[in-house]
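If you use full-length UniProt numbering, the sequence shown corresponds to residues 1 to 121, in order.
Below is one structure, written out as structure tokens; comments come after it.
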Amino acid sequence: GEAVVVNAKTEHEEMAVKFVDYLFQMDSMEYWYEAGLIPSVKDVDYSTYELSELFKNVVDEINSSENLGENIDVLMPPKVNDVTKNYIQQLIAGKIDGQSCMEQEQQAFEEEIEAGNYSVE
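Listed below in structure tokens is the structure:
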């Protein structure tokens, strides 16, 4: 996900806040959805929007879910994410197997814990 925020040091704070507010009004939802984005606004009737069936299915699934998980990359230390970036293409191309990839991930994770860069508490 992403956050839409107003910088505290902006020269035009009031105008920026009004713009962000406008972005999340129901009248603006069509722009978000038709751009392939799903804003965190409840009860949007997107039935009249021009969306692909696949995208509608994704939105339906998200809306019907009681719980959504977190992206693991936001929970992991940077070194683990670097390993993921370095090995994901090799994994997809079949140049490395999943077991080897996960062993590298685990090693990086343990190194970050030992270095005090991550806590499992």
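We put the CB at the ideal spot given by N, CA and C, even for glycine.
Owing to the predicted nature of the structure, the values given are computational and were not obtained by experimental measurement.
Counting along the chain, the unbroken alpha helix (DSSP H) around asparagine 81 starts and ends at 78-92.
Inclusion of isoleucine 38 and isoleucine 62 in the CB contact set at 8 Å is warranted, their separation being smaller than that value. If only uninterrupted alpha helix (DSSP H) runs of at least 4 residues are considered, those enclosed by the segment 6-57 are 13-23 and 29-34. Between valine 74 and phenylalanine 109, the gap from beta carbon to beta carbon reaches 8 Å or more. Of the candidates Gln99, Lys95 and Pro77, the residue whose Cα lies closest to the Cα of alanine 115 is Pro77. When Cβ pairs closer than 8 Å are counted between the two stretches, the segment 51-60 is seen not to touch the segment 81-93, the count staying below three.
In this structure, valine 44 sits near methionine 26, with a CB-CB distance shorter than 8 Å. Methionine 102 counts as exposed, since fewer than 16 other C-beta atoms from the protein chains shown sit within 10 angstroms of its C-beta.
In the structure shown, aspartate 60 falls within a helical segment according to DSSP collapsed to helix, strand and coil. The three-state reading of DSSP puts isoleucine 113 in helix, counting H, G and I together.
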